[in-house]
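Worksheet for the structure shown next.
Number of protein chains: 2
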Amino acid sequence: MRIALDIMGGDLAPKEIIAGGKAIAAKEPSWEILMVGLPAAKPLLGELPANISFVPCGSVMGMDEPVEALLHKKDSSIWLATKLVKDGEAQAVVSAGSTGAQMSAAILLLGRVKGIARPAITVVLPTLQGGKVMLDMGANPDVKPEMLLQFAQMGVIYANIVRGVESPRVVLLSNGAEECKGNEVTVAAHKLLAASELNFAGNIEGRGIPKGDYDVLVCDGFAGNIVLKTMEGLNSALFSLLKEEFSRNLLRKTGAALVWRGLKNIKLRLDYAEHGGAPLLGVNGVSIICHGSSPARAIENAVKVAASCVKGDFVGKTARFFNKT
Amino acid sequence: MRIALDIMGGDLAPKEIIAGGKAIAAKEPSWEILMVGLPAAKPLLGELPANISFVPCGSVMGMDEPVEALLHKKDSSIWLATKLVKDGEAQAVVSAGSTGAQMSAAILLLGRVKGIARPAITVVLPTLQGGKVMLDMGANPDVKPEMLLQFAQMGVIYANIVRGVESPRVVLLSNGAEECKGNEVTVAAHKLLAASELNFAGNIEGRGIPKGDYDVLVCDGFAGNIVLKTMEGLNSALFSLLKEEFSRNLLRKTGAALVWRGLKNIKLRLDYAEHGGAPLLGVNGVSIICHGSSPARAIENAVKVAASCVKGDFVGKTARFFNKT
Chain L
315 MRIALDIMGG DLAPKEIIAG GKAIAAKEPS WEILMVGLPA AKPLLGELPA NISFVPCGSV
375 MGMDEPVEAL LHKKDSSIWL ATKLVKDGEA QAVVSAGSTG AQMSAAILLL GRVKGIARPA
435 ITVVLPTLQG GKVMLDMGAN PDVKPEMLLQ FAQMGVIYAN IVRGVESPRV VLLSNGAEEC
495 KGNEVTVAAH KLLAASELNF AGNIEGRGIP KGDYDVLVCD GFAGNIVLKT MEGLNSALFS
555 LLKEEFSRNL LRKTGAALVW RGLKNIKLRL DYAEHGGAPL LGVNGVSIIC HGSSPARAIE
615 NAVKVAASCV KGDFVGKTAR FFNKT
Chain D
315 MRIALDIMGG DLAPKEIIAG GKAIAAKEPS WEILMVGLPA AKPLLGELPA NISFVPCGSV
375 MGMDEPVEAL LHKKDSSIWL ATKLVKDGEA QAVVSAGSTG AQMSAAILLL GRVKGIARPA
435 ITVVLPTLQG GKVMLDMGAN PDVKPEMLLQ FAQMGVIYAN IVRGVESPRV VLLSNGAEEC
495 KGNEVTVAAH KLLAASELNF AGNIEGRGIP KGDYDVLVCD GFAGNIVLKT MEGLNSALFS
555 LLKEEFSRNL LRKTGAALVW RGLKNIKLRL DYAEHGGAPL LGVNGVSIIC HGSSPARAIE
615 NAVKVAASCV KGDFVGKTAR FFNKT
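In structure tokens form, the structure reads like this:
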């Protein structure tokens with residue numbers, strides 16, 4: 315297992331990315347981590363174990379840089395890391411850099427799996443019933459009904475591989491439970507899903523997302539991105555309210571100290587980092603997108619997700635599914 | 315001030331609706347509440363003060379009943395309550411019944427304000443910086459860019475009236491902060507908003523919603539409905555996690571007792587019921603939509619919202635704005 319890690323991408327790069335890569339390399343001695351970075355970052359790597367090597371790049375795609383710039387930055391860390399996968403030097407690429415640049419590099423270098431209209435960003439969402447697969451998280455702000463069906467099909471293969479679910483229960487995000495509810499695309503997608511081979515359980519409303527009574531949640535990239543970030547924002551708002559209320563007087567401060575472990579557990583149970591990075595499903599290779607503010611632990615988990623996709627042969631299974639007679 | 319209250323609509327109807335209506339009638343002796351309900355519900359009203367009267371209806375629109383049924387139920391509570399507004403017998407209608415039926419009754423009986431393409435459901439969302447105006451919450455799953463501009467314009471008039479904000483800061487919900495981010499409709503709407511007379515502050519991501527760094531948040535009814543319900547679901551999931559973690563052992567139970575008031579405050583600060591019902595803005599009259607599970611307190615607040623809309627002359631101001639030369 316060889317995994318290319320873009321150590322230049324992300325708000326906490328390169329320090330936290332390197333730390334995450336080293337942590338996983340120490341735990342999994344049979345995996346090789348190829349750290350792609352600017353020569354200036356090399357000294358930060360420190361002493362490297364045998365299963366980590368450094369691959370120099372010439373530039374970095376900025377977080378807010380237009381994706382088009384990628385075509386003039388074929389020496390950038392994300393381009394080179396993805397090219398390692400294309401050339402068979404690595405089996406997966408992991409990055410916390412610009413999502414747009416990473417998607418473009420994956421689509422341009424690895425290409426789409428034959429038969430798939432659009433790749434989709436896929437997360438494992440923390441819910442009251444554990445991690446659940448949700449896609450698309452932002453690759454496709456505008457979709458067609460057929461694309462939502464394909465997202466569901468890819469999500470099912472993914473849930474099968476990474477969550478070990480036999481016949482994943484698929485739901486479609488909408489503004490009402492009834493099949494007639496939704497925007498035009500969603501109503502049409504409902505019909506396609508209901509007529510498909512999938513274990514389709516109908517529409518789900520926003521209220522049902524955190525409950526997690528499903529295995530695969532399908533939506534367009536606009537709604538998916540907004541929902542994910544809303545949950546992130548609300549979690550953080552809630553914890554700042556807890557902090558404020560619990561430090562208001564000595565009694566509450568004492569109480570807060572006693573429930574402290576419980577609060578920490580909740581934070582952990584809701585933490586996206588625990589569930590690692592988000593693969594771009596539908597491209598001919600494994601490309602794992604990490605949150606821009608990923609700390610070492612999130613990177614470590616993302617590398618594990620990459621390894622699961624490789625071991626589970628996600629790409630091969632997808633290609634076979636979408637190209638069956 | 316005369317307000318028609320549909321006492322038959324909602325999961326907790328008629329008991330909680332009646333209780334809410336009686337509570338507000340007691341606090342505001344100069345307001346008159348017209349309680350519209352089935353004769354069978356009349357005994358539940360008990361002793362009525364002088365400012366409450368009972369208006370009998372012949373049927374009730376079911377929560378899941380197709381909206382089309384309304385045309386054959388012109389004796390239903392929501393139809394009659396809305397007709398009281400049309401006939402000038404009341405100045406506003408409040409209901410926690412079927413949203414679809416209430417919208418249809420409002421559009422058919424009151425009609426749209428001239429110049430407005432589509433009415434929008436508008437909530438006051440609890441955020442870290444107090445209640446903020448958000449629309450559309452579900453009336454329009456599919457929108458055109460021009461409609462989002464009109465939602466913003468109506469939202470600004472509403473924020474001015476109910477929140478007292480002089481020059482409301484408008485933001486557009488999208489999957490990225492940059493103006494190029496969004497689905498096709500959102501990108502086009504961004505251009506319209508930027509070129510408008512509004513105090514437009516650009517796109518906002520889901521993460522920014524609970525922070526509340528805006529006065530009016532505009533989105534299509536599909537995304538808006540999903541976001542609102544996701545927040546509702548996550549709040550409730552978080553409180554069930556808190557309950558679980560805080561009751562795990564005696565130490566934590568003790569701590570929980572000490573922070574109890576703080577938790578209650580947070581619940582209150584996040585409670586939609588505190589902010590009352592959601593007006594359907596853009597119709598020729600005041601129609602306030604309440605959450606299906608509204609308890610008495612939510613109804614009480616919704617009647618207050620109705621009164622603010624009437625006192626602030628929302629309909630008149632909107633008509634003048636959209637019909638200025």
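For the protein sequence lines, the chains are L and D, in the order given.
Numbering (my numbering) for the first sequence: 315 to 639.
Numbering (my numbering) for the second sequence: 315 to 639.
No residue lacks a Cβ here, since even glycine has one placed at the ideal position from N, Cα and C.
Here the structure is a predicted model, which means the values were calculated and not measured.
Handout entry: Distance, lysine 428 of chain D Cα to asparagine 637 of chain D Cα
Key = 7 Å
Problem - Contact under 7 Å by Cβ, methionine 468 of chain D with glycine 538 of chain D - result: Contact: no.
Practice task
Identify the contact partners of glutamate 546 of chain L in chain D, using a Cβ-Cβ distance below 7 Å as the criterion.
Solution key: Arg521
Handout entry: Alpha-carbon spacing of alanine 337 of chain D relative to glutamate 614 of chain D, whole angstroms
Key = Computed Cα separation, rounded: 7 Å.
Practice task
Show which residues of chain D have a CB atom less than 9 Å away from the CB atom of asparagine 517 of chain L.
Solution key: Near asparagine 517 of chain L there are no residues of chain D at all, since even the closest Cβ is about 11 Å away, more than 9 Å.
Practice task
Please state if the CB of isoleucine 475 of chain L and the CB of glycine 626 of chain L are separated by a distance shorter than 7 Å.
Solution key: Yes, these two residues count as a Cβ contact at 7 Å.
Problem - Proximity to aspartate 401 of chain D [Cα-Cα], best of D:Gly596, D:Gly591, D:Arg316 - result: D:Arg316
Problem - glutamate 546 of chain D versus glycine 526 of chain L: straight-line alpha-carbon distance, rounded - result: Distance between the alpha carbons of glutamate 546 of chain D and glycine 526 of chain L: 14 Å.
Handout entry: Inter-residue Cα distance where the pair is proline 609 of chain L and arginine 562 of chain D
Key = 30 Å
Exercise for the section: Give a yes or no on whether 7 Å exceeds the smallest Cβ distance from aspartate 543 of chain D to chain L. Expected result: Contrary to the premise, residue 543 of chain D reads as lysine rather than aspartate in this sequence. Yes, because at least one Cβ of chain L sits closer than 7 Å to the Cβ of lysine 543 of chain D.
Practice task
State whether the segment 507-515 of chain L contacts the segment 505-524 of chain D, with contact taken as three or more CB pairs (one from each stretch) at a distance under 8 Å.
Solution key: no
Practice task
Show which residues of chain L have a CB atom less than 8 Å away from the CB atom of alanine 537 of chain D.
Solution key: Phe536, Ala537, Ile540
Problem - glutamate 346 of chain L, enclosing beta strand (DSSP E) - first and last residue - result: 346-351
Practice task
Pull out every residue of the segment 553-572 of chain D whose Cβ sits closer than 8 Å to any Cβ of chain L, in chain order.
Solution key: Ser554, Leu555, Leu556, Glu559, Phe560, Arg562, Leu565, Arg566, Thr568, Gly569, Ala570, Ala571, Leu572
Handout entry: Interfacial residues, the segment 368-397 of chain L to chain D, with Cβ spacing under 7 Å
Key = none
Handout entry: Host alpha helix (DSSP H) of serine 622 of chain D (start-end)
Key = Taken as a continuous stretch (DSSP letters only), the alpha helix (DSSP H) holding serine 622 of chain D covers 610-625.
Practice task
Within the segment 522-606 of chain L, note down every full alpha helix (DSSP H) run reaching 4 residues or more, in order along the chain.
Solution key: 535-560, 564-583
Exercise for the section: Check the Cβ-Cβ distances between leucine 439 of chain L and every residue of chain D, and say whether any is below 7 Å. Expected result: no
Handout entry: Min CB distance isoleucine 580 of chain L to chain D below 7 Å
Key = yes
Exercise for the section: Spatial neighbours of phenylalanine 536 of chain D within its chain, please: CB distance less than 7 Å, with the 5 preceding and 5 following residues excluded, ordered by chain position. Expected result: Correct list, in chain order: Pro455.
Problem - Segment contact flag, the segment 346-360 of chain L with the segment 323-335 of chain L, C-beta cutoff 8 Å, min 3 pairs - result: Yes, they touch.
Practice task
Using only alpha-carbon positions, find the residue among D:Asn579, D:Leu555, D:Leu442, D:Leu385 that is nearest to glutamine 443 of chain L.
Solution key: D:Leu555
Exercise for the section: Assess, as a yes-or-no matter, whether the segment 407-418 of chain L is touched by the segment 570-589 of chain L under the definition of 3 or more beta carbon pairs within less than 8 Å. Expected result: Between the segment 570-589 of chain L and the segment 407-418 of chain L, the count of C-beta pairs closer than 8 Å stays below three; the two stretches do not touch.
Problem - Pair within 7 Å by beta-carbon distance, alanine 616 of chain D and isoleucine 602 of chain D - result: Yes; because the gap between Cβ atoms is below 7 Å, this pair is in contact.
Problem - Residue from D:Ile518, D:Thr544, D:Ile430, D:Glu558 with nearest C-alpha to asparagine 489 of chain D - result: D:Ile518
Practice task
Determine which residues share a DSSP beta bridge with asparagine 365 of chain L and list them.
Solution key: Bridge partners of asparagine 365 of chain L: none, in fact.
Exercise for the section: Flag this pair as yes or no: are the beta carbons of leucine 577 of chain D and leucine 565 of chain L separated by less than 7 Å? Expected result: no
Practice task
Give every residue of the same chain whose Cβ lies closer than 7 Å to the Cβ of isoleucine 421 of chain D, excluding the five residues on either side of it in the sequence, and list them in chain order.
Solution key: Pro433, Val597
Handout entry: chain D contacts from the segment 479-513 of chain L (Cβ-Cβ distance under 7 Å)
Key = Leu487, Asn489, Gly496, Asn497, Glu498
Problem - Spatial neighbours of lysine 618 of chain D in its chain, beta-carbon cut-off 8 Å, leaving aside the 5 residues before and after - result: Ile338, Gly590
Problem - Residues that DSSP places opposite glutamate 318 of chain L in a beta bridge - result: Per the sequence shown, the amino acid found at residue 318 of chain L is alanine instead of glutamate. When beta bridges are read from the DSSP output, alanine 318 of chain L appears opposite L:Leu348, L:Val407.
Handout entry: Beta carbon proximity, glycine 576 of chain L to chain D, threshold 7 Å
Key = It does: the Cβ of glycine 576 of chain L has a partner Cβ on chain D nearer than 7 Å.
Practice task
For chain D, find out if any of its Cβ atoms is closer than 7 Å to the Cβ of alanine 591 of chain L; answer yes or no.
Solution key: Sequence inspection shows glycine at residue 591 of chain L; the alanine mentioned does not correspond to that position. Taking Cβ atoms only, chain D never reaches closer than 7 Å to glycine 591 of chain L, which makes this a no.
Exercise for the section: Figure out for me which residue from L:Glu382, L:Ala406, L:Lys446, L:Gly372 has the closest Cα to the Cα of serine 391 of chain L. Expected result: Put simply, of L:Glu382, L:Ala406, L:Lys446, L:Gly372 the residue whose alpha carbon is nearest the alpha carbon of serine 391 of chain L is L:Gly372.
Practice task
For chain D, find out if any of its Cβ atoms is closer than 7 Å to the Cβ of leucine 462 of chain L; answer yes or no.
Solution key: Among the CB atoms of chain D, none fall inside 7 Å of the CB of leucine 462 of chain L.
Problem - Residue environment, serine 607 of chain L, which counts as buried when at least 16 other CB atoms sit within 10 Å - result: exposed
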